[in-house]
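Report on one structure; see the data block that follows.
There are 2 protein chains.
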Amino acid sequence: MPTAAAQLEKPRRDSRLGLVLDAAARRFRAQGFDGASMREIAGDAGMKAGSLYYHFESKTDLFIAVHDEGIRRISSAVENAIETAPDPWQRLENAMAAHLDVLLAGGDYARVVIRELPAGNPDMRDNLVRLRDRYESIFRVLIDALPVDGATTRRQLRMMVMGALNWTPTWYRPNGDTPAEIATGFLQLIRKGIDQT
Amino acid sequence: MPTAAAQLEKPRRDSRLGLVLDAAARRFRAQGFDGASMREIAGDAGMKAGSLYYHFESKTDLFIAVHDEGIRRISSAVENAIETAPDPWQRLENAMAAHLDVLLAGGDYARVVIRELPAGNPDMRDNLVRLRDRYESIFRVLIDALPVDGATTRRQLRMMVMGALNWTPTWYRPNGDTPAEIATGFLQLIRKGIDQT
DNA sequence: GTCTATAGCAAGATAGAC
DNA sequence: GTCTATCTTGCTATAGAC
């Protein structure tokens with residue numbers, strides 16, 4: 003059975019615009035906004051640089067489109083994953099697993115969202131940060147629902163969880179633990195702690 | 003009393019080369035390798051672009067110099083912090099606090115190390131990754147010394163800790179918790195867990 | 001050591017043919 | 001919709017005066 007992430011990543015061969023977005027996501031993920039060039043992206047999508055400007059007004063617009071799609075994919079994956087689970091701890095674990103699955107097995111689009119945003123255009127930057135914050139509020143709700151006391155603890159926990167999750171691309175290797183196993187491991191550590199003395 | 007980080011960040015007004023490195027660190031941190039230009043860096047340091055090439059052969063060389071200095075600063079801060087503490091948990095907490103202090107209060111150099119590395123030059127990239135791994139091995143040793151069983155748990159713990167720490171720059175605000183408080187909070191969560199049921 | 005001047009090139013973006 | 005051709009700008013890097 004294909005994972006949720008694999009479904010989401012299936013290239014849409016029907017539309018040229020889909021090819022362009024896929025190519026842009028790959029390049030932006032690997033090289034960042036400044037490092038990727040419109041010529042490279044166009045080449046990967048089987049066109050010339052000028053043709054891109056029929057679909058997008060600017061490189062910035064193309065980046066925003068990729069970012070939006072990344073938010074859309076990871077949001078819907080996480081929301082699907084928590085839909086049925088009733089237990090608060092199980093819901094958090096499912097959300098973490100879905101987030102990691104899209105990020106590690108799914109790929110390019112979501113990792114553009116996680117990457118440090120381009121610094122050049124402050125207006126765009128603020129908009130993208132707002133979108134990312136809205137996505138992260140899913141986790142805020144899940145963590146607020148945990149049977150724990152202390153707002154400080156909740157905030158620190160949320161920051162620790164997001165950090166642990168979003169740092170995984172720097173060390174993850176496909177032949178190691180699966181995204182689901184990593185999520186389970188992280189949750190265990192957070193929930194029970196490791197001090198056995 | 004100035005923090006350790008503040009000491010390390012004191013600009014060395016005596017040497018022009020120090021000014022260049024400081025300016026490069028600021029720009030590379032804020033804009034990344036591709037986003038920062040030699041003209042901007044030179045301007046910040048009070049010179050013209052061409053003059054930089056008296057000090058450094060290339061932009062890549064300049065980046066490597068900043069990166070090396072960043073590794074040097076954060077390594078020595080962490081090593082100083084764990085020097086005297088005997089208890090393994092205390093040693094880890096001290097290391098986390100020092101790491102965060104340099105990263106959040108100290109600034110530019112260390113954050114260049116944490117940032118996603120430039121993708122253009124694979125050879126340089128491998129070298130810098132190796133340096134970063136060597137630094138992180140300090141934490142590996144500290145975590146191996148904890149009274150915990152299971153190599154898997156240790157590995158996951160290390161990844162969770164590094165992720166939580168290195169993600170802090172995306173949400174840290176100077177008027178919130180101090181680096182030391184964040185370190186204490188994270189360590190408590192990891193050590194004891196939060197499930198009170 | 002820093003300057004001016006510029007070579008050499010790659011980037012984002014546009015115009016108009018097809 | 002995509003192409004070719006090109007404009008303009010900005011970049012890294014070099015050469016040589018001071």
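For the record, the sequence lines run as chains A and B.
Residue numbering for the first sequence follows my numbering, beginning at 3 and increasing consecutively.
Residue numbering for the second sequence follows my numbering, beginning at 3 and increasing consecutively.
Using N, Cα and C, we set each Cβ at its ideal position, and we do this for glycine too.
Same chain, Cβ closer than 8 Å to residue i, five either side skipped, listed in chain order
| i | result |
| --- | --- |
| B:Met3 | Here B:Met3 scores only 49 on pLDDT, less than 50, and its place in the model is too uncertain to base an answer on. |
| B:Arg142 | Arg160 |
| A:Val150 | Arg156, Leu159 |
| B:Ile116 | Leu105, Asn168, Pro171 |
| A:Met162 | Ile192 |
Chain-order list of residues whose beta-carbon lies under 7 Å from that of residue i (same chain, five-residue window excluded)
| i | result |
| --- | --- |
| A:Glu42 | Arg29 |
| B:Ile184 | Leu102, Thr170 |
| A:Ala27 | Val68, Asp110, Tyr111, Val114 |
| B:Glu138 | Met164 |
| A:Leu167 | Met98, His101, Leu102 |
| B:Lys61 | Met40 |
| B:Asn123 | Thr62 |
| B:His57 | Leu19, Val22 |
Inter-residue CB distance, residue i and residue j (contact presumed, cutoff 8 Å)
| i | j | result |
| --- | --- | --- |
| B:Arg127 | B:Leu119 | 5 Å |
| A:Arg193 | B:Gly195 | 5 Å |
| B:Glu59 | B:Leu189 | About 43 Å separates the two Cβ atoms, so there is no contact after all. |
| B:Asp146 | B:Arg156 | 6 Å |
| B:Ala32 | A:Ala121 | 6 Å |
| B:Ala47 | B:Leu21 | 5 Å |
| B:Glu85 | B:Ile140 | Contact doesn't hold; Cβ gap of about 12 Å is too wide. |
| A:Asp24 | B:Gly34 | Not really, about 23 Å apart at Cβ, beyond 8 Å. |
| A:Leu159 | A:Pro90 | Their Cβ separation, rounded to whole angstroms, is 13 Å, which puts A:Leu159 and A:Pro90 out of contact at 8 Å. |
| B:Arg93 | B:Leu144 | 6 Å |
Local Cβ density within 10 Å of residue i, reported as buried at 16 or more and exposed below that
| i | result |
| --- | --- |
| B:Pro181 | buried |
| A:Leu191 | buried |
| B:Glu71 | buried |
| B:Ala83 | buried |
| A:Ser2 | Since the first and last residues shown for chain A are 3 and 199, residue 2 of chain A lies out of range. |
| B:Ala38 | buried |
| B:Gly178 | exposed |
| A:Val104 | buried |
| A:Ser17 | exposed |
| B:Asp197 | exposed |
Interface partners of residue i on chain A, CB under 8 Å
| i | result |
| --- | --- |
| B:Gly122 | Gln33, Gly37 |
Contact list for residue i against chain B, beta-carbon separation under 8 Å
| i | result |
| --- | --- |
| A:Val68 | Correct list: empty, because the minimum Cβ distance to chain B is about 16 Å. |
Contact set between residue i and chain B, taken where Cβ atoms lie within less than 9 Å
| i | result |
| --- | --- |
| A:Lys61 | Ordered by position in chain B, no residue passes the 9 Å Cβ test against A:Lys61, which lies about 13 Å from the chain. |
| A:Arg113 | What A:Arg113 touches in chain B: nothing, since even the nearest Cβ is about 10 Å away. |
| A:Asn168 | Gly165, Trp169, Thr172 |
Contact set between residue i and chain A, taken where Cβ atoms lie within less than 7 Å
| i | result |
| --- | --- |
| B:Ile192 | Leu191, Gly195, Ile196 |
| B:Phe188 | Gln158, Met162 |
| B:Arg117 | Glu118 |
Cut-off 6 Å between Cβ atoms - residues of its own chain near residue i, not counting five sequence neighbours on either side
| i | result |
| --- | --- |
| B:Leu130 | His69, Leu119 |
| B:Ala51 | Met40, Arg41, Ala44 |
| A:Leu133 | Ile73 |
| A:Tyr174 | Leu106 |
| B:Gly187 | none |
Near the ligand ADP: residue i beta-carbon under 7 Å from a heavy atom
| i | result |
| --- | --- |
| B:Asn168 | Absence of the ligand ADP is noted for the structure shown, with no ligands found whatsoever. |
- request: Using a Cβ-Cβ cut-off of less than 7 Å, give me the residues of the region 40 to 53 of chain B that come near chain A, in sequence order.
  value: none
field: chain B contacts made by the region 132 to 157 of chain A, where a contact means CB separation under 8 Å
entry: Leu148, Pro149, Val150, Asp151, Thr154, Thr155
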